[in-house]
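A quick write-up on the structure given underneath.
Residue numbers (our numbering), protein chains in the order written: chain A, 23 to 181; chain B, -14 to 775.
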């Protein structure tokens, strides 16, 4: 749940109006809206770059992984999935919420990779590489905003 | 962050309303694309205008009471209506006062970061209002809405205090939702909550409510500058509210049954509304080309579960161009997709037939299989005529025509679209997930088949709900890793398999000797309290001093030992000194109460209540107490239901009394015997056996349980290379002497030489009423039931 839905749900449960504290929190959220959109657009326009560099870095670190095994199909699907993860993260950044990551990002994907017998730790490692590349494109403030989402994804995949 | 599994099925929280960001994201997610420029602009506008909307919401909040009062005073006469408004309290410490209790990880992190980086004062959202000025503004504002001529005011005295309270609560409730919606920037929250309310509120006040709402709208508008943006916004939200309120109460959404035996299930309209953001794709002749492309892509996503146009476009070129040039309907297009080589490659060849049927059902009907009969029908079709006939069968079914007709692209009919069936709940949720195609194992047919299986090895209340084969507070240990989304197949009459612990069990000795014994279990003996013969009948002088005569006897247990054993049995451990029930002990030693009474007092003591009742959920509490006091797990759903009922009506103490006064307790333990553990579940048995379940299949672990199977094993496996095994076995037993105390050689000797032990070991416990039924224990189920834990 994003901050807004969370606040509304809380207030509704207690049958009261939104309190000052909640309104403050929401106004923080609005203030940071521009920043989040900027981040999302940076991610969106640099997908190619991030995925390319990220996967290079990933294959350096984890040479023994299905996508690095000269099978063009595995390779392509690995790259596709990375772009997909980035897209999820850009959604999450815009909403300011881990919900988009949670449902399809962590749970579904975990199931999928497990049944495809791709080691989850490698996937998490790959996310780490993506994170590094993506963060290097952003300013420090922006990087601090995005980092938790990557961390959440990695943590979820490792668990 | 975690999957919460309860009773084997995932917990679902439907999102009932949207904020602008979530709405935008859902849309983009649906189409698998990044946010477009237009959507970015929309969000930017949302964030930019955010402060203004917050200010509006806060103004409304601040004047909430006056606004509600205006509405109420308009329709009620003959008293002070506001006296009936019970204001919600906003005390410190509640979530939202200044901090969030239920704040999640992410927002906490961002908030803390924010606080660290920009620790500056924020501008106040609004300035203080001036009541006098307001009154003046109200005076000159004018434009009060006129009530329709049919409207009659309501007399407070005649209306009654209860209804007064209710209607004032409702009025403030409407206003509250308006503030929420303004903050969220989306009217869906109003629609979801108030659409069709008119049908709920009594007919005679419907008109009055609308009048009151109009009055509230007018009153609210006086707090904003005339003809400003803010006023327009508030006015619009009130309009939406009133419009939605006036709508007739919509009928619940019916799920069409697949036959007359599976009639429709209703789903409240509000759920359906919440899902309405995901569009249905409809192919129409007059659509522009770009949108036709979108629809075609949606059809491919539905049938192939991904966008195949980019990669396999040439394969599908012919049908795509046909459907786009209106030569064929969408239904025919779907049929062609289903019969294409690509579909066969993706969803037929890699799977077993059962799974293909399940997947095809998702692709063409948007749901999972409903029952075993349906599965069998389609299985016949596909085995007689192949995949293309199956596709035809789905697409020509009346259900397809009802739901999708000629033009609509099939869509997933999951939660939110329709009421879901209980019978295939877990598999259906799995099937509609993104990850469905990677699951190769058929799920529906196994689930349906499971309903006809004999005695499952699980708790009567669900696969994931077996409370006590659980260590260290982990509630659902194995189920979180590989959750089994099947409901329990327990009916009212089926019973759990319970394995006898081998010690007495309230049966006569010769039967007990034949029963299997759990190897890890303690060598329990029956402890009996020897009644103290008191010469003068008073016996009150010695508080903790044991009576002399009995404590010297070697054949009897000292009172202290019996008391300790009772504590161990009831609490599961030796208690701390402070937790001992001194009064009860004294009474017992003095002979004033029997051991049964002593157990009862222990069970009703404060520490036990804390241990076994207050901190546990009800199923676990019952299970725990039952095992402690009666010495066996609960047996079936009937029994559980009785205890649930008892707990709900009368609570903990009644449960304890019920157990201790039961005929079973009296028959087995009587007045003087310390309760002991009589039965285990197979799972508990497996956990206690030294090497886990795999240990069951080794003859030396438990000759009695391995039964006939072991004899064959002894003949074949032991003949070859048993000596090597022998040595390693010895090493092992030296390493973990505590786990398997018996020397290996001794047990193997038993295995080889001893006459075949009777197969036994799994018995269902005696019904509490039948006191002596050795026959039941002797007639035991098949050996494989006992030896196969899975």
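Heads up, the beta-carbon is just placed ideally off N, CA and C, and yes, glycines get one too.
- Comparing alpha carbon positions, the residue from 58(B), 284(B) and 44(B) closest to residue 167(B) is 44(B).
- Within the stretch 567 to 604 of chain B, complete alpha helix (DSSP H) segments of at least 4 residues are found at 567 to 574, 580 to 588 and 591 to 594, given in chain order.
- Contacts between residue 169(B) and chain A, judged by CB atoms closer than 7 Å, involve 26 and 30 in chain order.
- Within chain A, no residue has its CB atom less than 8 Å from the CB of residue 664(B), the nearest being about 37 Å off.
- Membership of residue 623(B) in the alpha helix (DSSP H) is indicated by the continuous run 622 to 635.
- Taking 9 Å as the CB threshold, residue 133(A) lines the interface with chain B.
- Residue 32(A) is classed as buried because its beta carbon has at least 16 other beta carbons within 10 Å across all chains shown.
- For residue 485(B), the enclosing beta strand (DSSP E) has its first and last residue at 483 to 485.
- Using a Cβ-Cβ cut-off of 9 Å, residue 325(B) is close to nothing in chain A; its nearest Cβ partner there is about 20 Å away.
- Check the Cα spacing between residue 657(B) and each of 606(B), 623(B), 600(B) and 580(B): the tightest is with 580(B).
- An exposed status is given to residue 431(B), since fewer than 16 other beta-carbon atoms sit within 10 Å of its beta-carbon.
- Contact fails between the stretch 593 to 603 of chain B and the stretch 655 to 669 of chain B, because fewer than three Cβ pairs, one in each stretch, are under 8 Å apart.
- Within the same chain, Cβ atoms closer than 8 Å to the Cβ of residue 13(B) are found at 19, 20, 21 and 24, the five residues on either side in sequence being excluded.
- With fewer than three CB-CB distances shorter than 8 Å, the stretch 66 to 80 of chain A does not count as touching the stretch 26 to 41 of chain A.
- A straight-line Cα-Cα distance of about 13 Å links residue 513(B) and residue 583(B).
- A Cβ of chain A is located within less than 9 Å of the beta carbon of residue 420(B).
- With a cut-off of 8 Å on Cβ pairs, the stretch 149 to 169 of chain B is in contact with the stretch 57 to 69 of chain B, counting three or more such pairs.
- For the pair residue 277(B) and residue 309(B), the Cα-to-Cα distance works out to about 7 Å.
- Per DSSP, the unbroken alpha helix (DSSP H) holding residue 160(B) starts and ends at 146 to 169.
- Residue 46(B) reaches chain A at 39 and 40, counting residues in chain order whose Cβ is nearer than 8 Å.
- Residue-level contact check: residue 179(A) does not touch chain B, since none of the beta carbons of chain B fall below 9 Å from its beta carbon.
- With contacts defined by Cβ atoms closer than 9 Å, residue 179(A) and residue 145(A) form a contacting pair.
- Cβ neighbours of residue 87(A) within its own chain (closer than 6 Å, five residues either side excluded): 144.
- In the DSSP annotation of this structure, the continuous segment of the alpha helix (DSSP H) that includes residue 78(A) starts and ends at 69 to 83.
- Chain order gives the chain B residues near residue 62(A) as 20, where near means a beta carbon separation below 7 Å.
- Looking at the DSSP output, residue 251(B) shares a beta bridge with 239(B).
- Only those residues of the stretch 142 to 166 of chain B whose C-beta falls short of 7 Å from the nearest C-beta of chain A are listed: 161, 164 and 165.
- The closest CA to that of residue 400(B), considering only 253(B), 131(B) and 392(B), is found on 253(B).
- Within chain B, the residues 13, 14, 17, 18 and 19 have their CB atoms less than 9 Å from the CB of residue 109(A), given in chain order.
- At least 9 Å separates the beta-carbon of residue 654(B) from that of residue 593(B).
- Contact check for residue 351(B) against residue 397(B) passes: the beta carbons are separated by less than 9 Å.
- Contact annotation: in the stretch 43 to 58 of chain A, residues whose CB is within less than 9 Å of a CB in chain B are 43, 44, 45, 46, 47, 48, 49, 50, 51, 52, 53, 54, 55, 56 and 58.
- Interface residue (Cβ-Cβ distance to chain A less than 9 Å): residue 32(B) is classified as such.
- One Cα belongs to residue 612(B), the other to residue 329(B), and the distance between them is close to 55 Å.
- DSSP places residue 98(A) in the uninterrupted alpha helix (DSSP H) bounded by 94 to 117.
- Under the three-state reduction of DSSP output, residue 405(B) falls in the coil class, being neither helix nor strand.
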